[in-house]
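A.B. asks: Residue numbers for the sequence shown, in the numbering used here: 2 to 203.
Don't be surprised by glycine CBs; every beta carbon is placed ideally from N, CA and C.
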Amino acid sequence: MRFVLASQSPARLAVLRAAGVEPVVRVSGVDEDAIAASLADPTPEELVTTLALAKAEAIASGSSGDEVVVGCDSMLLTSDGEVHGKPGTVDVARERWKRMAGTSGTLLTGHAVLRLRDGAEVGRAVDHEATLVRFGRPTEDELEAYLATGEPLNVAGAFTLDGLGGWFVDGIDGDPSSVIGISLPLTRRLLRQVGVAVSDIW
2 MRFVLASQSP ARLAVLRAAG VEPVVRVSGV DEDAIAASLA DPTPEELVTT LALAKAEAIA
62 SGSSGDEVVV GCDSMLLTSD GEVHGKPGTV DVARERWKRM AGTSGTLLTG HAVLRLRDGA
122 EVGRAVDHEA TLVRFGRPTE DELEAYLATG EPLNVAGAFT LDGLGGWFVD GIDGDPSSVI
182 GISLPLTRRL LRQVGVAVSD IW
């Protein structure tokens, strides 16, 4: 049985490798903006789980083997009620940091696990994890230096916990692996729901 990670995220891959799993990485290439636009007023939780499922389904549709496919999607729900994905540009990342410095936000990560036998889906489990993140207050020089690295441009919420952004996170309440991109405890529970023990994939 192959463990397939439907994500190009190096952080998710690193979490899994550190936890004893060497996944096959396949990038779904789904149009996240189009999927989000097709939803009628979704909650933040519905949005991240729908996107995670879409990624997993895209990869599963091309499978012909015995696999478990895991898709994830992360977004930051800030204290003002807005949901933020990857900022994409320095200007957007700077503005987000200026608004969230010294506040708390909730990092939401949707998870979808599909169990395949001979390419046919025989089980699915979908859920999300929510972790409170308390942001520090980087100085203007620190923020500009961080933005210049490019790291915050391509990660949900414009920060990382396991990289340079960790200097500016005062603390979290919840699962650290979920903030990095894939919750190990939640993934274990979802695997169990589709008949796979986590020890089977070590």
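For valine 180 and arginine 116, which I take to be in contact (beta-carbon distance under 8 Å), what is that distance rounded to the nearest angstrom?
C.D. replies: With a Cβ gap of about 26 Å, valine 180 and arginine 116 do not count as contacting.
A.B. asks: Using beta-carbon positions only, say whether glycine 137 and phenylalanine 169 come within less than 8 Å of one another.
C.D. replies: Yes, these two residues count as a Cβ contact at 8 Å.
A.B. asks: Alpha carbon to alpha carbon, how far is proline 24 from leucine 6? Give it in angstroms, no decimals.
C.D. replies: Cα to Cα, the separation comes out at about 6 Å.
A.B. asks: So the candidates are Lys56, Leu187, Lys99; which of them puts its Cα closest to the Cα of valine 28?
C.D. replies: Looking at the Cα atoms, Lys56 is the closest of the given residues.
A.B. asks: For tryptophan 98, does the count of other Cβ atoms within 10 angstroms reach 16, so buried, or fall short, so exposed?
C.D. replies: With 16 or more other Cβ atoms within 10 Å, it is buried.
A.B. asks: So, using beta-carbon positions, are phenylalanine 4 and isoleucine 173 closer together than 8 Å?
C.D. replies: No, the Cβ-Cβ distance between phenylalanine 4 and isoleucine 173 is not below 8 Å.
A.B. asks: Taking all protein chains shown into account, do 16 or more other C-beta atoms lie within 10 angstroms of the C-beta of proline 186, making it buried, or fewer, making it exposed?
C.D. replies: With fewer than 16 Cβ atoms within 10 Å of its Cβ, proline 186 is classed as exposed.
A.B. asks: Report all residues from its chain with a CB closer than 7 Å to the CB of asparagine 155; omit the five preceding and five following residues, and keep chain order.
C.D. replies: Counting only Cβ-Cβ distances below 7 Å, and skipping sequence neighbours, we find Lys87.
A.B. asks: Locate the alpha helix (DSSP H) running through alanine 12, then write down its first and last residues.
C.D. replies: Counting along the chain, the alpha helix (DSSP H) containing alanine 12 begins and ends at 11-19.
A.B. asks: Any heavy atom of the ligand MN closer than 7 Å to the CB of threonine 44?
C.D. replies: No copy of the ligand MN appears in this structure; indeed no ligand is present at all.
A.B. asks: From the DSSP output, in three-state form, read off isoleucine 173 for me.
C.D. replies: In this structure, isoleucine 173 counts as strand in the three-state DSSP scheme.
A.B. asks: What residue from Pro153, Val49, Arg100, Glu141 has the CA that sits closest to leucine 108's CA?
C.D. replies: That would be Val49, whose Cα lies nearest to the Cα of leucine 108.
A.B. asks: Could you tell me if alanine 113 is buried or exposed, where buried requires 16 or more neighbouring beta carbons within 10 angstroms of its beta carbon?
C.D. replies: Under this definition alanine 113 is a buried residue.
A.B. asks: So, at 7 Å on beta carbons, what are the nonlocal neighbours of leucine 148 in its own chain, with the 5 sequence-adjacent residues on each side left out?
C.D. replies: The residues are Val91, Ala94, Arg95.
A.B. asks: In or out: methionine 2 buried (at least 16 other Cβ within 10 Å) or exposed?
C.D. replies: Counting Cβ neighbours within 10 Å, methionine 2 comes out exposed, since fewer than 16 surround it.
A.B. asks: May I ask you to list the residues that DSSP assigns as paired with methionine 76?
C.D. replies: Note: methionine 76 sits in a beta bridge opposite Leu109.
A.B. asks: Going along the chain, which unbroken runs of the beta strand (DSSP E) with 3 or more residues stay wholly within the segment 21-102?
C.D. replies: The segment 21-102 contains these whole beta strand (DSSP E) runs: 68-79.
A.B. asks: With a CB to CB cut of under 6 Å and the five nearest residues on each side skipped, what residues in its chain are close to glutamine 194?
C.D. replies: Contacts found: Ala126.
A.B. asks: The alpha helix (DSSP H) spanning alanine 150 covers which residue range?
C.D. replies: The sequence as given places threonine at residue 150; alanine does not occur at that position. Note, threonine 150: alpha helix (DSSP H), 141-150.
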